[in-house]
Structure formats: structure tokens, C-alpha cells
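First the structure, in the form of C-alpha cells, and then the observations on it.
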Amino acid sequence: MTDELKQRIENSFAQQTLMKTLGASLYKVAAGQVSIVAPLDQHVLQQHGYGHAGLTFSIGDSAAGYSALTQFEPGAEVLTAEIKINLLAPAKGDYLIAKGRVIKTGRRLCVVAADVYAYEADSVAHIAILQGTMVPIL
Numbered sequence: 001m002t003d004e005l006k007q008r009i010e011n012s013f014a015q016q017t018l019m020k021t022l023g024a025s026l027y028k029v030a031a032g033q034v035s036i037v038a039p040l041d042q043h044v045l046q047q048h049g050y051g052h053a054g055l056t057f058s059i060g061d062s063a064a065g066y067s068a069l070t071q072f073e074p075g076a077e078v079l080t081a082e083i084k085i086n087l088l089a090p091a092k093g094d095y096l097i098a099k100g101r102v103i104k105t106g107r108r109l110c111v112v113a114a115d116v117y118a119y120e121a122d123s124v125a126h127i128a129i130l131q132g133t134m135v136p137i138l
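Under the numbering used here, the first residue of the sequence shown is numbered 1, with each subsequent residue one higher.
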């Protein structure tokens, strides 16, 4: 992965106002893999005190999408064509990390996945799995 591509992903991420609202930031950027971290602050909790599923979905979708973007030519962007989520456990702890990865890249589609984990002190819980398809736009 080139420094130029990494910078392009960082610049694109910085323009996502939802990620700013959620307090999310890039954690890792590598070829075919992007991770995003988000704190479980008060403003992202649901009525039972757990992280809202919308937070889990949003960072998982973005991590998967940016993973796909690492596979396409300069100037390309990607959009989510479809994505599903399986919620495995409540989002409780100090912060979440969504680890996106590319499963298969074709000429016009990229199948991706993301695993989302909740971290609290010395414990880690696998709380969600996402799988979807990204489409490059030029």
C-alpha cells in the first residue's frame, strides 16, 4: 500500500461528519484491511446503557468500505451496495474497534466483512459481524 493511498483514505475519513459525531477515528490502515475505533461515550448509548447498534453498524460499514477502497485505482471511491449485520453481544465497555477486511475483489464489486469488538479493561468481546458488497465509483 502506498503512502498516497493511505493519505487519501485518511483525507476521506476526515470528511465524514458522522464519524466525527461518533468520536470515531482510524486505528489501522493497510492493504485490504482498515480498522476504526470509537469510544463508548454517553451520547452513543441506547436506553439500556449499551452502545447503540447504529454505532456498531456505522463503524463496521466504514471499516469494510475503506478496506475495499484500498483495492481500487487512484481517483476511485466506493459506496455500499448492500451490507448485513449480525449482533452477537451488547456493546459494553470503554470503546469499540471495527476491523474491516476484503474477502474478494472483482472488476466492479468488492465483497467485504468487518468484525466489531468491545474493549473494557482487560476483556474483549466480539459483538458483531458485518458482510457486504462495495461498488467502486469513478
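Even for Gly, the Cβ is constructed at its ideal location relative to N, Cα and C.
- For residue 68, the enclosing alpha helix (DSSP H) starts and ends at 53-69.
- Judged by DSSP in its simplified three-state form, residue 113 adopts strand.
- DSSP places residue 73 in no beta strand (DSSP E); its state is neither H nor E.
- Per DSSP, reduced to three states, the secondary structure at residue 48 is coil, with no helix or strand assignment.
- In this structure, the straight-line span from the alpha carbon of residue 2 to that of residue 8 is close to 10 Å.
- The C-alpha of residue 48 lies about 20 Å from the C-alpha of residue 121.
- In the same chain as residue 23, and ignoring 5 residues on each side of it, the C-beta atoms closer than 7 Å to its own belong to 38, 39 and 41, in chain order.
- Close CB contacts of residue 61 within its chain, under the 8 Å cut and outside five residues either way in sequence, are with 80, 83, 114, 130 and 132 (chain order).
- With 16 or more neighbouring CB atoms inside 10 Å of its own CB, residue 55 falls in the buried class.
- Spanning the alpha carbons of residue 76 and residue 136 requires a straight line of approximately 6 Å.
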